[in-house]
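Remarks on the structure that follows.
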Amino acid sequence: LEAGSKSDYNGTTAPHRTLTELERTTKLVQQLESVENEYESIINKLPRDCSQIERMRSTGTANQPGDGGLYLIAPAEQHHPLMTQCFGEWTTVQRRQDGTVDFNRSWEEYAQGFGTPAGEFWIGNQALHHLTQDNCSRLRIVMQDIYDNTWYADYATFRIDSRDAGFRLELGGYSGNASDAFEYQNHMQFSAIDVDRDISNTHCAGNYEGGWWFSHCQHANLNGRYNLGLTWFDASRNEWIAVKSSHMMIARRPECDANVTELPLEVPVTSGLAVGSPSTPSDASRSLHGTNGIGARQQQTTAAPTLS
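Residue numbers -3 to 304, in this note's numbering, belong to the letters of the sequence shown in order.
What follows is the structure, encoded as structure tokens:
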């Protein structure tokens, strides 16, 4: 071969090889962009929450499995889907039931979420922010105590602020039979084992072994160590409720969506769970957990909370 046309090890001139590699790289980038666009298209077609799924079901534009089904949702501005359990229009965001999942996690783990939607579960603070940032969410908390009595707390407004704001809690408009214990932690940032943002002189998340919106530690805490740190203070009786299981759910406020459809009165049961009409919290609570009313409650007296 003459000078200037010397072949490289594979018999191809160096300039030609460089051009071929550039073409391959360009093609690969185009393929990746195509996959990314297709992925974004799929994400954009997913429902944002269970309230949207319920509206789709009511108009016949979605499949109608029994309540308690698992669904992929994509909250606004969240760039990846997540799975949750829907009960009519209610999106499951937290559940404790048997202590099989460790809730003593880092702040970042709480930001991303963990557990399984049909079992013990935390949907993630980032998802909570995306789901509630438009100020159109309400919160329902259903708890069962160690005597198998059902307690509920509904909040007409519920919002979690951004990561930069520490996932600050904002809620109001309480109704229910559990007492408004959550109000004592209103406006607090989220704390975890490695991030202490409470206003106590102790590390509440470390002491109770779970992440939460602690203030002077707690009047309400559903993420603490199981059989030790799940508590809710009933101010009307000056007693602690010894919580055995908890289920936190959010739904859209009716005034935010003109076409919101109320839950049907009769709902198929899936995995032993069902819900009733959302306008009757006590009925929803009983059918969710199959428990007796407060009248059957055994008497338990505990001391008032001591704030540190």
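A virtual CB, placed ideally from N, CA and C, is assigned to each residue, including glycine.
**Prompt:** What span of residues does the beta strand (DSSP E) with Gln90 cover, start to end?
**Reply:** The residue you call residue 90 lines up with position 94 of the sequence shown. Taken as a continuous stretch (DSSP letters only), the beta strand (DSSP E) holding Gln90 covers Trp86 to Arg92.
**Asked** Mind checking Asp190: buried by the 16 CB within 10 Å criterion, or exposed?
**Response** Looking up residue 190 in the sequence shown gives position 194. Counting Cβ neighbours within 10 Å, Asp190 comes out exposed, since fewer than 16 surround it.
**Item:** 3-residue-minimum beta strand (DSSP E) runs that sit fully inside the segment 83 to 158, ordered along the chain
**Value:** The DSSP assignment places complete beta strand (DSSP E) segments of no fewer than 3 residues inside the segment 83 to 158 at 86 to 92, 133 to 141 and 146 to 156, in order along the chain.
**Prompt:** Got a sec, what are the start and stop residues for the beta strand (DSSP E) Gly202 sits in?
**Reply:** In the sequence shown, residue 202 corresponds to position 206, counting from 1. Segment Cys200 to Tyr204 is the alpha helix (DSSP H) holding Gly202; no beta strand (DSSP E) there.
**Request:** Helix, strand or coil for Leu24, going by three-state DSSP, please let me know.
**Result:** For the purposes of this step, residue 24 is taken as residue 28 along the sequence shown, with counting starting at 1. Of the three classes helix, strand and coil, the one that applies to Leu24 here is helix, per DSSP.
**Request:** Report the rounded CA-to-CA distance for Tyr222 versus Gly202, giving the unit in angstroms.
**Result:** Within the sequence shown, the letter at position 226 stands for residue 222. Within the sequence shown, the letter at position 206 stands for residue 202. Using only the alpha carbons, I get a separation of about 14 Å.
**Item:** Endpoints, beta strand (DSSP E) assigned at Asp186
**Value:** Taking the first residue of the sequence shown as 1, we reach residue 186 at position 190. Reading off the sequence shown, one finds Phe at residue 186, where the question assumed Asp. Careful: Phe186 lies outside any beta strand (DSSP E) and carries neither H nor E.
**Message:** Applying the 10 Å Cβ sphere with the 16-neighbour rule, what's the burial state of Ile49?
**Reply:** The residue you call residue 49 lines up with position 53 of the sequence shown. Around the Cβ of Ile49, a 10 Å sphere holds 16 or more other Cβ atoms; the residue is buried.
**Request:** Please check the pair Arg92 and Ser241, which I expect to be a contact at CB under 8 Å, by giving their CB distance rounded to whole angstroms.
**Result:** Numbered from 1 along the sequence shown, position 96 holds the residue referred to as residue 92. Numbered from 1 along the sequence shown, position 245 holds the residue referred to as residue 241. Confirmed, about 6 Å.
**Request:** Whole angstroms is fine: what's the gap from Thr14's alpha carbon to Thr22's?
**Result:** As a working note, residue 14 is residue 18 in the sequence shown. As a working note, residue 22 is residue 26 in the sequence shown. If you take the alpha carbons of Thr14 and Thr22, they lie about 12 Å apart.
**Item:** 6 Å CB neighbourhood of Ile137 in its chain, flanking five on each side removed
**Value:** Along the sequence shown, one-based indexing puts residue 137 at 141. Cβ within range, chain order: Ala149 and Met244.
**Item:** For Leu226, the three-state DSSP class (helix, strand or coil)
**Value:** Walking along the sequence shown from the start, residue 226 turns up at place 230. The answer is coil: DSSP assigns Leu226 none of H, G, I, E or B.
**Asked** Using the C-alpha atoms, what's the distance from Thr227 back to Cys132?
**Response** What you label residue 132 is simply residue 136 of the sequence shown in a count that begins at 1. What you label residue 227 is simply residue 231 of the sequence shown in a count that begins at 1. If you take the alpha carbons of Cys132 and Thr227, they lie about 27 Å apart.
**Reference Gly65, options Thr88, Ala72 and Pro71, closest by Cα** = The count along the sequence shown starts at 1 and reaches residue 65 at position 69. Distances from the CA of Gly65 to each of Thr88, Ala72 and Pro71 were compared; the closest alpha carbon is that of Thr88.
**Item:** Chain-order list of residues whose beta-carbon lies under 8 Å from that of Asn40 (same chain, five-residue window excluded)
**Value:** Reading the sequence shown from its first residue, position 44 is the one you call residue 40. Once the five neighbours on either side are set aside, the close Cβ partners of Asn40 are Ala70.
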